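In our numbering, the protein residues as written are 451 to 978.
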């Protein structure tokens, strides 16, 4: 019996065909980052305070800036971030009777009176320190009592990711390959790892995610030069219209076709790959089979819990997807509420992500998957907890530790995708990755509420939650098996008996070595 790994050896483990497929899939990874965390810019909440028509009239008459008018007419309030100008209430006074003049906008008497004057709500809307730019927050006044709509925006996006992951993962395992943003990204990851040899899986997987990090670097530049959130959304969307053409350029996974008892189609795809790679196949391809073809047609969601090992994998991987999403999105969205230059801060944090891919490449073949995966989570958790208790006066130390946390969770996020694809057998791999990654989307639904609502209580409180989650995730990873150097499991039985494939390959090699030379000669390459 010949396995797909045997045939891939002849067709080329990473030839021109696989390079082409991986390259065009990497293009999908870039704009996915725009969709994933674009809310930082599209839903940015700038400094704001109540609009007062009388103050506006005085400001225009006196030629004051918005900041001058705020200093003169907006009272200071205590908040979770310290003393700041009131954002949701204004003074209920007749400014013409206060003695406020153009020559003295910061009259000491006026400032002393501000805290004792009556207050009212922002009935006339808000002023925003965001001149020349527009987010959907400033367009629709989604601040104060309506601030939760911003949380709902990101949560709704994650609900879409959730539905797409389940639906597209399921349909991908039924040979209907779709391209939603999240679902298409996940299925693309699975496909490229199934098309290459075991020694190239880590490289293509990490490269695929590096392009996501590249998108993170491009995003603040796009947002800076495109100041309107609507046009920014158009730029985010256009690439996905182009990706629809991939249907005619991307082959189905031969591994999956074999698992679905579609041997003829699998042979055709494999021959096409070999031809593009300039290789010829031996007659071994005629005996290409899959161990689990009988059960493939009945593979379902319940197969993820069929055995004790699969149940353990599903629980641990799901929790890690959840944690990675909450911590990663939380740390990124936090940049929008810290009060600095969001474009510069986002760019710097994006640069921090780049070493993540190189750390993975340096460690996973030397050390393995499990230890770097667990360490990344624990480092991220420790950094979040430490950052929460560093005083704001130690700005650079606080920023440096936060960057370590961002690096750690980026490594963990990239590793969970990688390990998830390696642990599940071919027959349920797409479904397994998609099902576990649904917890990522649930994390994405929770993350904005967790960040924005808890930050109102104490700005650093979300970091405490992030740290605790990451620590638990790191501990659970240590319960997973090591997949370094192991062939991708083809069947559910391979999960329970992971050494069976290696033993069968060894026996086959030993048998071939014992055969007379004329017999082995007849088995040598015959062009197909």
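Just so it is clear, CB atoms sit at the ideal spot from N, CA and C, and this is done for glycine as well. A quick note: this is a predicted structure, and the numbers were derived from the prediction, not measured.
Exposed unless 16 or more other CB atoms sit within 10 angstroms - verdict on residue 902:
buried
Roughly how many angstroms lie between the CA atoms of residue 862 and residue 696, to the nearest whole one?
29 Å
Contact defined as beta carbons within less than 8 Å: I believe residue 662 pairs with residue 479. What is the distance between those atoms, to the nearest angstrom?
5 Å
In three-state DSSP terms, what is residue 500?
strand
Assuming residue 786 contacts residue 495 under a Cβ cut-off of 8 Å, what Cβ separation, rounded to an integer in Å, is found between them?
7 Å
Going straight from the alpha carbon of residue 679 to that of residue 585, what length do you get?
5 Å
Host alpha helix (DSSP H) of residue 771 (start-end):
758-784
What separation, rounded to the nearest whole angstrom, lies between the Cα atoms of residue 657 and residue 519?
51 Å
Are the Cβ atoms of residue 912 and residue 920 separated by less than 8 Å?
no
Determine the direct distance from the alpha carbon of residue 885 to that of residue 983, and round the result to whole angstroms.
Nothing can be reported for residue 983: it is not among the residues displayed for the chain, which extend from 451 to 978.
For residue 659, which residues of its own chain have a beta-carbon under 6 Å away from its beta-carbon, when the five flanking residues on both sides are left out?
864
If distances are taken between C-alpha atoms only, which option among 505, 682, 452 comes closest to residue 521?
505
Who are the near neighbours of residue 836 in its chain, counting only those whose CB is closer than 6 Å to its CB and skipping five residues on each side?
851
Burial state of residue 592 (16 or more Cβ within 10 Å)
buried
Check for me: the alpha helix (DSSP H) holding residue 698 runs from which residue to which?
Taken as a continuous stretch (DSSP letters only), residue 698 belongs to no alpha helix (DSSP H), as it is neither H nor E.
So if DSSP puts residue 835 in a beta bridge, which residue, or which two residues, is it bridged to?
Answer by DSSP bridge pairing: none, since residue 835 is not bridged.
Could you check whether residue 457 and residue 783 sit closer than 8 Å to each other, using their CB atoms as the reference points?
no
Go ahead and label residue 636 buried or exposed: buried means 16 or more other beta carbons lie within 10 angstroms of its beta carbon, across all protein chains shown.
buried
Going straight from the alpha carbon of residue 763 to that of residue 484, what length do you get?
30 Å
Expressed to the nearest angstrom, what Euclidean distance is found between the alpha-carbon atoms of residue 641 and residue 703?
6 Å
To the nearest angstrom, how far is it from the Cα of residue 890 to the Cα of residue 843?
34 Å
By DSSP, does residue 681 sit in helix, in strand, or in coil?
helix
Is it the case that the Cβ atoms of residue 498 and residue 539 are separated by a distance below 8 Å?
no
Would a C-beta distance cut-off of 8 Å place residue 935 and residue 834 closer than the cut-off?
no
Once the 5 residues before and after residue 775 are set aside, which same chain residues still bring their CB inside 6 Å of it?
890, 893, 894
Give the single residue among 667, 574, 853, 552 whose Cα lies nearest to the Cα of residue 502.
574
Using 8 Å as the threshold, is the region 752-762 in touch with the region 460-472, meaning 3 or more CB pairs across them?
no
Alpha helix (DSSP H) containing residue 516: first to last residue?
516-523
Pull the bridge partners of residue 925 from the DSSP assignment, please.
Bridge partners of residue 925: none, in fact.
Give me the residue from 793, 481, 829, 933 with the minimum Cα distance to residue 677.
793
DSSP on residue 844, reduced to helix/strand/coil?
coil
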